[in-house]
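**Student:**
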Amino acid sequence: MTTDDQPLSTKRRWVLFVVIIAGLVALDQWSKWYAVAHWQGIPRQSFLGDTFRIEYAENHGAFLSFLAGASPEVRFWTLTVMNGLVLVGLAIYLLWSKDVAFWSFFALTLVVGGGIGNLIDRARFHYVIDYFNIGIGSLRSGIFNVADMAITAGFLIMGWLILLDSRQEKATTSVARPTDSDQASQPA
Numbered sequence: 220m221t222t223d224d225q226p227l228s229t230k231r232r233w234v235l236f237v238v239i240i241a242g243l244v245a246l247d248q249w250s251k252w253y254a255v256a257h258w259q260g261i262p263r264q265s266f267l268g269d270t271f272r273i274e275y276a277e278n279h280g281a282f283l284s285f286l287a288g289a290s291p292e293v294r295f296w297t298l299t300v301m302n303g304l305v306l307v308g309l310a311i312y313l314l315w316s317k318d319v320a321f322w323s324f325f326a327l328t329l330v331v332g333g334g335i336g337n338l339i340d341r342a343r344f345h346y347v348i349d350y351f352n353i354g355i356g357s358l359r360s361g362i363f364n365v366a367d368m369a370i371t372a373g374f375l376i377m378g379w380l381i382l383l384d385s386r387q388e389k390a391t392t393s394v395a396r397p398t399d400s401d402q403a404s405q406p407a
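Here it is in structure tokens:
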């Protein structure tokens with residue numbers, strides 16, 4: 220945990236969790252409603268020299284269509300039931316653990332919110348509605364949605380926090396550990 224990243228009070232955790240989750244899920248579900256109403260069945264639209272595309276898709280798998288070819292039973296148990304259990308477990312951890320610092324809490328709440336948004340689609344439709352794509356030329360992302368952006372942002376923030384913590388730990392360890400030259404200059 221970084222020095223500026225202190226744990227949150229129980230009340231603040233609950234309020235932030237509810238606000239972030241409600242906002243993310245509402246935005247995600249509204250954007251998917253909009254995608255179905257306005258982009259389903261129309262050709263792909265390109266913007267900014269084909270850097271940004273709007274392209275309606277129904278993803279029966281997970282990230283980058285992982286497990287899309289699996290049987291409906293495998294997809295249900297893996298992508299709906301197990302995913303739901305992981306999200307519930309993570310939510311319980313975030314709400315009840317007193318040691319979760321703000322940025323870790325924020326990042327993991329983004330993951331939970333995005334996961335809930337996609338889980339709603341899986342429960343309702345047995346697939347996830349995707350509609351954004353970015354890239355340059357043939358180097359392109361998969362097709363994604365608001366929930367995927369929240370999940371990705373959460374993981375990127377967590378990765379950044381882990382990197383910062385490991386650098387701080389190395390700096391603290393190197394300051395605390397005397398070098399051989401320090402020991403040689405000490406009187407016996």
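First residue of the sequence shown? That's 220 in my numbering, and the numbers climb one at a time after it. Every residue gets a Cβ at the ideal spot worked out from N, C-alpha and C, and that includes glycine. Keep in mind that this is a model prediction, so the values were computed, not measured.
1) Using CA coordinates, which residue listed in Q387, W379, I348 and L329 is at the minimum distance from G260?
2) Taking DSSP as the reference, what is the three-state secondary structure of I261?
3) Any chance the segment 330-348 sits against the segment 266-284, with 3 or more Cβ pairs inside 8 Å?
4) Grouping DSSP H, G and I as helix and E and B as strand, with all else coil, what is L358?
5) Would you call the segment 304-313 and the segment 323-334 touching, i.e. three or more CB-CB distances under 8 Å?
6) Got a sec, what are the start and stop residues for the beta strand (DSSP E) D321 sits in?
7) Since I believe L304 is in contact with L338 (beta carbons under 8 Å), could you give me their beta-carbon distance rounded to a whole number of angstroms?
8) Using the C-alpha atoms, what's the distance from A366 back to V244?
9) A276 lies in the beta strand (DSSP E); which residues open and close that run?
10) With 16 as the cutoff for other CB atoms within 10 Å, does Y253 come out buried or exposed?
11) Quick one: grab the DSSP three-state call for N352.
12) Can you give the Cα-Cα distance for Y275 and L383, rounded to whole angstroms?
13) If you draw a straight line from the C-alpha of L375 to the C-alpha of S385, how long is it?
14) Taking the C-alpha atoms as reference points, what is the distance between E388 and F321?
15) Could you have a look at F295 and say whether DSSP puts it in helix, strand or coil?
16) Cα separation between F271 and I370?
17) Tell me whether F266 sits in a helix, a strand or coil according to DSSP, three-state version.
18) Inspect the beta-carbon positions of W249 and Y350 and report whether they are closer than 8 Å.
19) Can you list, in chain order, the residues of its chain with a C-beta nearer than 7 Å to that of L298? Leave out the 5 residues immediately preceding and following it.
20) Run the CB neighbour count on V319, radius 10 Å, all protein chains shown included, and call it buried at 16 or more, exposed below.
**Tutor:** Inspection of the coordinates gives the following:
1) I348
2) coil
3) They touch, by the three-pair rule.
4) strand
5) With the cut-off at 8 Å, the segment 304-313 and the segment 323-334 touch.
6) First, the amino acid is wrong: residue 321 is Phe here, not Asp. It is not in any beta strand (DSSP E) - F321 instead sits in the alpha helix (DSSP H) that spans F321 to F344.
7) Rounded, the Cβ-Cβ distance is 11 Å, inconsistent with contact.
8) 8 Å
9) Segment F271 to N278, the beta strand (DSSP E) holding A276.
10) exposed
11) strand
12) 38 Å
13) So the two alpha carbons sit approximately 15 Å from each other.
14) 19 Å
15) DSSP places F295 in helix when its eight states are reduced to three.
16) Spanning the alpha carbons of F271 and I370 requires a straight line of approximately 20 Å.
17) strand
18) In terms of Cβ geometry, W249 and Y350 do not form a close pair [threshold 8 Å].
19) A281, L286 and R341
20) buried
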